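Here is the structure we will look at, set down as structure tokens.
Chains as they are written, first to last, in this note's numbering: chain F, 1 to 338; chain H, 1 to 338.
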């Protein structure tokens with residue numbers, strides 16, 4: 001086990017306080033197993049954490065710390081940076097709140113600022129509510145694009161869905177299907193395959209086996225239903241493979257996920273959003289973790305949402321949040337060592 | 001139980017003789033339960049049926065009958081129209097044969113001619129091999145388009161996948177994704193919903209609950225990722241619903257199948273091939289039946305393929321072929337009564 005000072009520094013955010021985020025964060029903090037992997041600092045409003053502790057029915061001790069100040073990592077108390085920006089009593093629970101979405105975004109932006117200042121190596125956030133953030137003024141198609149904007153990132157980055165060591169990624173994401181078709185080119189496919197390969201290696205998979213999905217039905221049926229596979233995808237995959245990445249394809253999209261889930265591949269790179277999401281949601285990837293990959297800061301979050309139907313009942317499972325923290329620590333650790 | 005003369009007349013074809021078709025056909029014929037539903041006549045080469053009987057390890061008695069001739073429906077012997085066109089010893093087994101694909105197509109065309117001549121009410125065929133048929137000269141994107149061509153059909157028709165009373169259909173099919181986008185309009189969506197509604201009613205579902213899938217990620221996220229849902233799909237669905245069909249949507253494609261499989265809908269109408277196929281193949285619809293709907297003749301076939309890996313081993317399950325025959329009989333019966 002690494003000594004405490006060598007462990008990556010991770011910011012844990014409670015997500016949208018109207019959802020189950022504070023409850024599952026309190027459960028993870030009380031359980032304490034994360035201490036093996038990371039130096040974790042909680043970031044958010046003290047009153048939100050208090051609500052989470054009550055909902056979770058756990059015992060938790062924390063110490064308020066100043067941003068950038070010294071933290072006693074040998075203490076068993078959770079260090080908390082209290083932003084004092086969210087009063088859960090005023091925000092309500094179990095339903096979408098634009099005001100809460102605005103605050104969720106502000107807290108994320110604050111944590112990103114800390115990472116930029118060198119105070120954090122990775123960020124894990126409990127579930128947020130995309131609609132609340134948008135209504136609250138964070139007008140991005142998704143939080144990943146917001147992170148990229150705040151980090152002034154240029155070039156490719158992507159959301160990835162991770163479950164049981166399998167990584168599902170995609171070439172295009174939150175754009176119309178027509179726009180996705182226009183965005184798929186050799187550069188975009190190469191970026192997507194190279195990025196998921198890099199992330200999986202960081203996560204400890206020595207030689208990831210990456211399948212690239214076709215765009216057209218039956219992978220184009222030898223050109224009968226589209227020539228993208230012949231003219232674009234296959235030559236691109238072969239070029240990437242020649243560079244040493246174990247990628248193959250294009251495979252018909254309606255069977256490639258079945259083969260991956262059966263263990264033939266560690267990753268499928270989809271051409272567009274629903275291609276991957278139909279398969280991974282049916283397979284229960286909501287139990288897994290969403291990673292924002294390709295930015296200077298690693299972000300992880302449970303793939304599940306705010307689960308408004310079970311808020312305040314004490315029954316929400318902290319498993320995916322726990323996995324999100326472990327994965328962020330692995331990705332950040334190797335990054336530090338690089 | 002209806003008297004024999006009121007039952008629909010069904011042609012059963014053995015499919016591609018290089019695959020498991022003859023074996024599962026022999027099993028279904030030997031089991032004989034189909035006699036409750038249909039007046040079945042087997043159509044194909046006697047030697048192919050003999051091979052199927054050997055593979056299946058069953059006892060089967062048949063009588064050769066002349067096309068259009070009288071058939072003794074009280075006899076327990078299977079009436080067979082021997083086309084004498086396929087010598088299984090020359091065609092090989094367990095691998096794709098263009099010659100066998102050519103013959104498979106000829107046999108289908110022959111049965112279609114019989115239906116056009118008023119001798120058959122429906123056709124069920126054991127698995128064929130699309131690549132073999134194409135290589136054998138039947139140059140259609142799929143067999144459904146071949147049937148439509150031979151029947152001189154104009155207008156909409158569609159392949160549907162049926163399992164456990166759920167019917168999965170689609171607006172566009174075997175075309176490139178880009179072409180599919182250009183083909184999706186109010187007429188095409190309406191045709192698809194109306195046809196699946198009609199077929200389900202024929203099959204005995206009183207008021208089918210039909211979900212229409214969205215085209216873009218998150219159903220366009222209120223126009224952020226495409227306006228097709230706002231401008232085209234939602235108004236079309238509302239117009240169809242106003243006409244008395246229980247259809248709703250558009251629903252995000254990455255959750256609508258989960259909801260349907262959980263029992264909320266009897267049918268999902270996909271916008272394009274892979275949207276439906278990714279979901280239904282993952283769910284095991286290969287155990288189900290494929291229906292060609294919207295033509296003058298009803299066609300059904302097992303959704304699974306020729307299963308070259310288990311040819312000749314006697315282990316192939318006849319379940320889906322049996323269900324295909326039952327479904328064809330239900331669809332044809334009601335059609336006769338109409």
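Note that the Cβ used here is the ideal one computed from N, Cα and C, for glycine as well.
All values reported here derive from a predicted model rather than from experimental measurement.
Here residue 174 of chain F is buried. Its C-beta has 16 or more other C-beta atoms within 10 Å. DSSP places residue 176 of chain F outside any alpha helix (DSSP H), giving it a letter other than H or E. The way I'd put it, the segment 189-204 of chain F doesn't touch the segment 309-319 of chain F; fewer than three beta-carbon pairs between them come closer than 8 Å.
Close CB contacts of residue 199 of chain H within its chain, under the 6 Å cut and outside five residues either way in sequence, are with 293 (chain order). The closest CA to that of residue 265 of chain H, considering only H/275, H/207, H/66, is found on H/207. Take residue 226 of chain H, set aside five residues on each side of it, and the residues of its chain with a beta-carbon closer than 6 Å to its own are 216, 220, in chain order. In this structure, the beta-carbon distance from residue 328 of chain F to residue 24 of chain F does not fall below 7 Å. Spanning the alpha carbons of residue 253 of chain F and residue 5 of chain H requires a straight line of approximately 46 Å. By the neighbour-count criterion, in which 16 or more other beta carbons inside 10 Å mark a residue as buried, residue 63 of chain H falls on the exposed side. Look at residue 267 of chain H here: in three-state DSSP terms it is strand.
DSSP, reduced to helix, strand and coil, places residue 157 of chain H outside both helices and strands of the structure shown, so it counts as coil.
DSSP places residue 214 of chain F outside both helix and strand once states are collapsed to three, so it counts as coil.
Taking every protein chain shown into account, the CB of residue 185 of chain H has fewer than 16 other CB atoms within 10 angstroms, so this residue is exposed. Residue 17 of chain H places its beta carbon less than 7 Å from that of residue 86 of chain H. According to DSSP, residue 248 of chain H shares a beta bridge with H/211. Collapsing the DSSP output to three states places residue 119 of chain H in coil. Within chain F, the C-beta atoms nearer than 7 Å to that of residue 257 of chain H come from 278, 282, in chain order. In the DSSP assignment, residue 168 of chain F falls within the beta strand (DSSP E) that extends over 166-170. Look at residue 269 of chain H: its C-beta is not under 7 Å from any C-beta on chain F. In the three-state reduction of the DSSP assignment, residue 330 of chain F falls in the helix class, which pools H, G and I.
At a cut-off of 7 Å between C-beta atoms, residue 41 of chain H does not count as an interface residue with respect to chain F.
DSSP, reduced to helix, strand and coil, places residue 224 of chain H outside both helices and strands of the structure shown, so it counts as coil.
Cβ proximity to chain H below 7 Å picks out 253, 254, 255, 257, 258 from the segment 233-260 of chain F. In the three-state scheme derived from DSSP, where H, G and I count as helix and E and B as strand, residue 88 of chain F is classed as helix.
Chain-order list of chain F residues neighbouring residue 216 of chain H: 176, 177, by C-beta distance under 7 Å.
Following the DSSP letters along the chain, one finds residue 43 of chain F inside the beta strand (DSSP E) bounded by residues 39-44.
Considering only beta carbons, the part of the segment 150-183 of chain H lying closer than 7 Å to chain F consists of 174, 175, 176, 177, 178, 181, in chain order. Using beta-carbon distances, residue 79 of chain H does not count as an interface residue toward chain F, since no partner is under 7 Å.
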